[in-house]
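Student: 83 is the number of the first residue of the first sequence in the numbering used here; add one for each residue after it. We treat Cβ as the ideally placed atom computed from N, Cα and C, and that holds for glycine.
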Amino acid sequence: MTSSQLGDVFNEAGSVISVEIVYDRVTDRSRGFAFVTMGSVQEAKEAIRMFDGSQVGGRTVKVNFPEVPRGGERAVMGPKIRSSYRGFVDSPYKIYAGNLSWRLTSEGLRDAFADHPGLLGAKVIYERESGRSRGFGFLSFASAENAESALNAMNEVEVEGRPLRLNLAAVRAPPAPSPGPGLERNVDNSELISSIST
DNA sequence: CCTGAGCGC
83 MTSSQLGDVF NEAGSVISVE IVYDRVTDRS RGFAFVTMGS VQEAKEAIRM FDGSQVGGRT
143 VKVNFPEVPR GGERAVMGPK IRSSYRGFVD SPYKIYAGNL SWRLTSEGLR DAFADHPGLL
203 GAKVIYERES GRSRGFGFLS FASAENAESA LNAMNEVEVE GRPLRLNLAA VRAPPAPSPG
263 PGLERNVDNS ELISSIST
């Protein structure tokens with residue numbers, strides 16, 4: 083089974099952000115499982131509900147959260163601290179939102195866009211030391227189309243008394259040079275692990 | 001830096 087076929091299956095439970103079938107380093111054969119990143123924890127739960135124990139590609143599959151998520155179970159389901167920043171779901175389709183009120187939080191930003199399809203996450207950027215808002219933030223979407231239509235609908239719309247200045251987000255700077263041996267796998271808190279073989 | 005352009009740690 084290909085990752086794109088697997089993605090098609092999981093799309094029935096919500097927005098699939100990425101699919102990564104794990105292969106054996108030497109034999110290049112599928113190891114029989116994959117990581118599927120869904121757009122939200124909610125959608126991840128839905129995928130588990132729908133597909134755990136079901137037939138996929140002619141096999142009975144197991145679908146569940148990764149066994150040892152980064153930070154442990156508490157971090158996965160635990161309460162948010164200051165904003166939806168911790169729960170921010172990234173995607174390649176992002177809007178830059180500027181001219182934000184100093185008091186607008188990530189949740190406030192998310193709420194302002196709540197009606198728009200495909201919204202995955204919102205975050206306001208804060209200064210590290212002072213904790214003050216830097217007056218801008220980002221919104222991530224499931225698709226380029228979703229991002230564009232939200233941008234068109236919300237640009238210059240007033241939120242907390244100030245008109246939003248929206249743009250498609252610039253392509254992010256390259257990831258920082260990795261310091262150590264790169265054995266870390268990117269296990270996100272909305273990923274699923276499933277046993278699926280070809 | 002009690003701020004108003006800024007593209008994230």
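Suppose you measure from the CA of L246 to the CA of S122; what does that come to, to the nearest Å?
Tutor: So the two alpha carbons sit approximately 25 Å from each other.
Student: Is DSSP giving N249 helix, strand or coil here?
Tutor: Reduced to three states, the DSSP call for N249 is strand.
Student: Going along the chain, which unbroken runs of the alpha helix (DSSP H) with 4 or more residues stay wholly within the stretch 177-264?
Tutor: With a minimum length of 4 residues, the continuous alpha helix (DSSP H) runs that stay inside the stretch 177-264 are 188-194 and 226-236.
Student: Could you tell me whether the stretch 224-240 touches the stretch 194-207, using the rule of 3 or more Cβ pairs below 8 Å?
Tutor: Yes, they touch.
Student: Using C-beta distances below 8 Å, list every residue in its chain close to A252, excluding the 5 sequence neighbours before and after it, in chain order.
Tutor: Contacts found: Y178.
Student: Could you pull out every residue in the same chain whose Cβ sits closer than 7 Å to the Cβ of R216, ignoring the five residues on either side in sequence?
Tutor: Answer for R216: I207, Y208 and E209, listed in chain order.
Student: Can you give the beta carbon distance from F170 to A129, rounded, assuming they're within the 8 Å contact cut?
Tutor: Contact flag wrong, Cβ pair sits at about 20 Å.
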